[in-house]
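Q: Have a look at this one before I ask anything.
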Amino acid sequence: MRTAALLLTMPLTLVACGGDSPTAPPAPQFPNVLGTYQSQLFFVSSLTQISTGQTVQVSCPGQMTVSSQNGSQFSGTFVRQPCQSGGQALSTPTSGTISGTVRMDGGTNMSLVAPGQPVLQDSIASLGCTNLSSSTEYNGTFSGNRVNVSASVTFTCAQFGLLRIDQTISGTR
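Residue numbers (this note's numbering): 9 to 181.
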């Protein structure tokens, strides 16, 4: 009887001790990117007319607030204040949403969408231009308390020919 009782409790003892089953690896730790990033030069765009090489630089104060993060996925909102070139206001304020992913090394890709279209497209849509680029996604890094991402889009315009916008977004939280 004692032998039978001992044999019955052995499997329970092995299960309670964990046996030989491996432990699960720890979940990946993605950088915490929550917060508000801002700068007086938050959006900096270079608009280049391809045929002439003429470039105009436009800067816009703004901010981006990452309000939600679940692992590598994040989302939030942005506000772009009126852009200026040579001290002259060129645009009205724009706001919208952001969404993207962050890698464990801080690398990121994200999209910024103003009502109805990606931010890079709203910059030039009023000129009646057509976007020739397949992506308007920003790529870059979150590093410490800074974000620095960029994107490039090519357009064709009846009035100007081929145009390229190179835009950088950078700020500190």
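From the three backbone atoms N, C-alpha and C, an ideal C-beta is built for every residue, glycine too.
Note the first and the last residue of the continuous beta strand (DSSP E) segment covering residue 49.
A: For this step, residue 49 is matched to residue 41 along the sequence shown. From DSSP, the beta strand (DSSP E) with residue 49 extends over 43 to 57.
Q: Label residue 177 either buried or exposed according to how many other C-beta atoms from any shown protein chain fall within 10 Å of its C-beta, with 16 as the threshold for buried.
A: For the purposes of this step, residue 177 is taken as residue 169 along the sequence shown, with counting starting at 1. So residue 177 counts as buried.
Q: Could you check the C-alpha separation between residue 170 and residue 160 for me, to the nearest Å?
A: The count along the sequence shown starts at 1 and reaches residue 170 at position 162. The count along the sequence shown starts at 1 and reaches residue 160 at position 152. Each residue's alpha carbon lies about 13 Å from the other.
Q: Please report the straight-line C-alpha distance between residue 35 and residue 148, rounded to a whole angstrom.
A: Taking the sequence shown and counting its residues from 1, the one referred to as residue 35 is at position 27. Taking the sequence shown and counting its residues from 1, the one referred to as residue 148 is at position 140. Each residue's Cα considered, the two are about 24 Å apart.
Q: With distances taken between CB atoms, is the gap from residue 174 to residue 151 smaller than 8 Å?
A: Taking the first residue of the sequence shown as 1, we reach residue 174 at position 166. Taking the first residue of the sequence shown as 1, we reach residue 151 at position 143. Cβ atoms of residue 174 and residue 151: not closer than 8 Å.
Q: In the DSSP assignment, find the unbroken beta strand (DSSP E) run with residue 39 in it and report its ends.
A: As a first step, residue 39 must be located in the sequence shown, where it is residue number 31. Note, residue 39: premise wrong, no beta strand (DSSP E); not H, not E.
Q: Give me the residue from 115, 89, 97 with the minimum Cα distance to residue 122.
A: If you number the sequence shown from 1, residue 122 lands on position 114. Checking every option, the nearest Cα to that of residue 122 belongs to 89.
Q: Given residue 136, which residues of its chain have a CB within under 8 Å of its CB, disregarding the five upstream and five downstream residues?
A: Residue mapping note: residue 136 aligns to position 128 of the sequence shown, counting from 1. For residue 136, where only same-chain residues beyond five positions count, the Cβ hits under 8 Å are 165, 166, 167.
Q: Identify every residue that forms a DSSP beta bridge with residue 163.
A: The count along the sequence shown starts at 1 and reaches residue 163 at position 155. Looking at the DSSP assignment, residue 163 forms a beta bridge with 139, 171.
Q: Sorted by chain position, which residues of the same chain lie with C-beta nearer than 6 Å to residue 80's C-beta, five sequence neighbours on each side aside?
A: Along the sequence shown, read from residue 1 onward, the residue named residue 80 stands at position 72. So the list reads 38, 109, 110, once near-sequence residues are dropped.
Q: Less than 8 Å separating the beta-carbons of residue 119 and residue 144?
A: To locate residue 119, count along the sequence shown from 1; it is residue 111. To locate residue 144, count along the sequence shown from 1; it is residue 136. For residue 119 and residue 144, yes; Cβs fall inside 8 Å.
Q: Distance, Cα to Cα, residue 93 vs residue 63?
A: Taking the first residue of the sequence shown as 1, we reach residue 93 at position 85. Taking the first residue of the sequence shown as 1, we reach residue 63 at position 55. Each residue's alpha carbon lies about 11 Å from the other.
Q: Please return the same chain residues whose Cβ sits closer than 8 Å to the Cβ of residue 105, not counting the five positions on each side in sequence.
A: By one-based count along the sequence shown, residue 105 stands at place 97. Answer for residue 105: 83, 84, 85, 86, 120, 121, listed in chain order.
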